[in-house]
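Its first residue numbered 30, the sequence shown is counted upward by one per residue in our numbering.
All C-beta atoms, glycine included, are put in the ideal place defined by N, C-alpha and C.
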Amino acid sequence: MAKEKFELVFLAGGLLLDVLANRLRRDPATPREAVGAAMFTLDQTFEERRGHLVDPRGVSDQIDVIKAELCSDKPHKLVLEAYLDELSGRAGADAELSEAVARLREAVRRWQS
Numbered sequence: 030m031a032k033e034k035f036e037l038v039f040l041a042g043g044l045l046l047d048v049l050a051n052r053l054r055r056d057p058a059t060p061r062e063a064v065g066a067a068m069f070t071l072d073q074t075f076e077e078r079r080g081h082l083v084d085p086r087g088v089s090d091q092i093d094v095i096k097a098e099l100c101s102d103k104p105h106k107l108v109l110e111a112y113l114d115e116l117s118g119r120a121g122a123d124a125e126l127s128e129a130v131a132r133l134r135e136a137v138r139r140w141q142s
């Protein structure tokens, strides 16, 4: 009896996490939220594509540098552009990662304009 209750609670918890993670998402309401959403998508895409990249460590380091600049008190537009250019180069021919970088670049431009 206790085992069945545990399984039921475990399954219910899993469903709740699924709802919170996937089904309750909303579109970004502000340009800053759009940057956060694009950065999140870039992180996810990188994790999915890591094995297909020539230099995954370099890409990871570049993403960390971009995050640090975005979280600074006053992110510099030209510095972010340079970091994004470098990341585009490191992404190479990986279409999915390049697309995620382009979405982040566009979100940053809208946010800083």
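- Alpha carbon to alpha carbon, how far is residue 98 from residue 79? The straight-line gap from Cα to Cα measures roughly 22 Å.
- Message: Which of the three DSSP states is assigned to residue 106 in this structure?
- Response: Helix at residue 106.
- Task: Could you tell me if residue 75 is buried or exposed, where buried requires 16 or more neighbouring beta carbons within 10 angstroms of its beta carbon?
- Result: In this structure residue 75 is buried. Its beta-carbon is surrounded by 16 or more other beta-carbon atoms within 10 angstroms.
- From 104, 133, 125 and 47, residue whose alpha carbon lies closest to that of residue 77: The residue with the shortest Cα to Cα distance from residue 77 is 125.
- Query: Looking at the structure shown, is residue 82 part of a helix, part of a strand, or coil, going by DSSP?
  - Reply: It is coil, neither helix nor strand.
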